[in-house]
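Residue numbers (this note's numbering): 1158 to 1260.
This is the structure:
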(Lines of atoms letter the chains of each structure in order from A and count residues from 1; the text may use other names and numbers.)
(Lines give C-alpha, C1' and ligand atoms only; values in the text may rest on other atoms or scores of the structure.)
Protein backbone atom coordinates (compact mmCIF):
# COMPACT_ATOMS: atom_id res chain seq x y z
CA UNK A 1 0.00 0.00 0.00
CA UNK A 2 1.42 3.34 -1.05
CA UNK A 3 1.90 6.08 1.49
CA UNK A 4 -0.18 9.13 0.41
CA UNK A 5 2.35 11.46 2.07
CA UNK A 6 5.23 10.17 -0.06
CA UNK A 7 5.51 11.32 -3.69
CA UNK A 8 7.39 9.50 -6.42
CA UNK A 9 10.69 11.17 -7.31
CA UNK A 10 11.60 11.39 -11.00
CA UNK A 11 14.93 12.60 -12.38
CA UNK A 12 14.62 14.86 -15.41
CA UNK A 13 17.70 15.95 -17.37
CA UNK A 14 16.82 18.97 -19.53
CA UNK A 15 19.10 21.92 -20.26
CA UNK A 16 17.43 25.27 -19.78
CA UNK A 17 19.41 26.93 -22.54
CA UNK A 18 21.78 25.61 -25.20
CA UNK A 19 25.40 26.59 -24.89
CA UNK A 20 26.71 29.09 -27.39
CA UNK A 21 30.36 28.09 -27.02
CA UNK A 22 32.06 25.95 -29.65
CA UNK A 23 34.82 23.57 -28.54
CA UNK A 24 35.88 22.40 -32.01
CA UNK A 25 34.77 22.63 -35.62
CA UNK A 26 35.70 20.83 -38.85
CA UNK A 27 34.78 21.28 -42.51
CA UNK A 28 33.96 18.34 -44.74
CA UNK A 29 31.57 16.51 -47.05
CA UNK A 30 29.71 14.22 -44.63
CA UNK A 31 26.26 13.55 -46.12
CA UNK A 32 26.78 13.93 -49.88
CA UNK A 33 29.64 14.56 -52.29
CA UNK A 34 30.32 18.23 -53.15
CA UNK A 35 28.16 19.47 -50.23
CA UNK A 36 30.22 21.67 -47.92
CA UNK A 37 29.26 21.01 -44.31
CA UNK A 38 30.51 22.14 -40.91
CA UNK A 39 30.49 19.88 -37.84
CA UNK A 40 30.52 21.63 -34.45
CA UNK A 41 31.31 20.24 -31.03
CA UNK A 42 29.61 22.08 -28.15
CA UNK A 43 29.89 21.71 -24.36
CA UNK A 44 27.72 18.99 -22.85
CA UNK A 45 28.59 16.53 -25.60
CA UNK A 46 26.49 18.11 -28.34
CA UNK A 47 27.51 17.47 -31.96
CA UNK A 48 25.84 19.61 -34.65
CA UNK A 49 26.08 19.32 -38.42
CA UNK A 50 25.37 22.36 -40.62
CA UNK A 51 25.21 22.53 -44.42
CA UNK A 52 26.55 25.63 -46.16
CA UNK A 53 23.97 26.73 -48.75
CA UNK A 54 24.49 29.47 -51.30
CA UNK A 55 21.49 31.04 -53.01
CA UNK A 56 21.35 33.76 -55.63
CA UNK A 57 18.59 36.35 -55.37
CA UNK A 58 17.77 38.36 -58.44
CA UNK A 59 17.39 42.10 -58.10
CA UNK A 60 13.93 43.56 -58.74
CA UNK A 61 15.27 46.50 -60.71
CA UNK A 62 16.22 46.23 -64.37
CA UNK A 63 19.36 48.22 -63.67
CA UNK A 64 22.81 46.78 -64.17
CA UNK A 65 22.95 45.68 -60.54
CA UNK A 66 24.47 42.28 -60.00
CA UNK A 67 22.49 39.47 -58.44
CA UNK A 68 23.04 39.10 -54.72
CA UNK A 69 24.56 35.85 -53.42
CA UNK A 70 23.41 34.86 -49.94
CA UNK A 71 25.24 32.21 -47.88
CA UNK A 72 23.36 30.47 -45.07
CA UNK A 73 24.08 27.63 -42.66
CA UNK A 74 21.24 25.11 -42.36
CA UNK A 75 21.11 22.73 -39.38
CA UNK A 76 21.08 19.15 -40.68
CA UNK A 77 21.50 17.13 -37.47
CA UNK A 78 21.95 17.77 -33.75
CA UNK A 79 22.89 14.94 -31.37
CA UNK A 80 23.18 15.14 -27.58
CA UNK A 81 25.56 12.45 -26.35
CA UNK A 82 25.38 13.25 -22.59
CA UNK A 83 29.14 12.75 -22.40
CA UNK A 84 32.36 14.73 -22.32
CA UNK A 85 33.73 15.24 -25.83
CA UNK A 86 37.05 17.03 -26.28
CA UNK A 87 38.11 16.79 -29.91
CA UNK A 88 36.72 16.42 -33.40
CA UNK A 89 38.50 15.35 -36.57
CA UNK A 90 37.64 14.53 -40.16
CA UNK A 91 38.88 11.49 -42.09
CA UNK A 92 38.39 10.38 -45.69
CA UNK A 93 38.73 6.64 -46.32
CA UNK A 94 40.67 5.65 -49.43
CA UNK A 95 38.40 5.58 -52.49
CA UNK A 96 35.46 7.23 -50.72
CA UNK A 97 33.71 10.39 -51.89
CA UNK A 98 32.46 11.30 -48.39
CA UNK A 99 34.22 12.26 -45.17
CA UNK A 100 33.90 10.49 -41.82
CA UNK A 101 33.63 12.39 -38.54
CA UNK A 102 35.90 11.10 -35.75
CA UNK A 103 34.85 12.21 -32.26
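No residue lacks a Cβ here, since even glycine has one placed at the ideal position from N, Cα and C.
Cβ-Cβ distances below 7 Å link residue 1246 to 1183 and 1259 in the same chain, with the five nearest sequence neighbours on each side left out; the list follows chain order.
For the pair residue 1198 and residue 1181, the CB atoms are nearer than the 8 Å cut-off.
If you look at residue 1205, you'll find it in the beta strand (DSSP E) that goes 1203-1214.
Residues 1186, 1187 and 1190 of the same chain have their beta carbon placed closer than 7 Å to that of residue 1255, with the five preceding and five following residues left out of the count. Residue 1208 places its beta carbon less than 8 Å from that of residue 1194.
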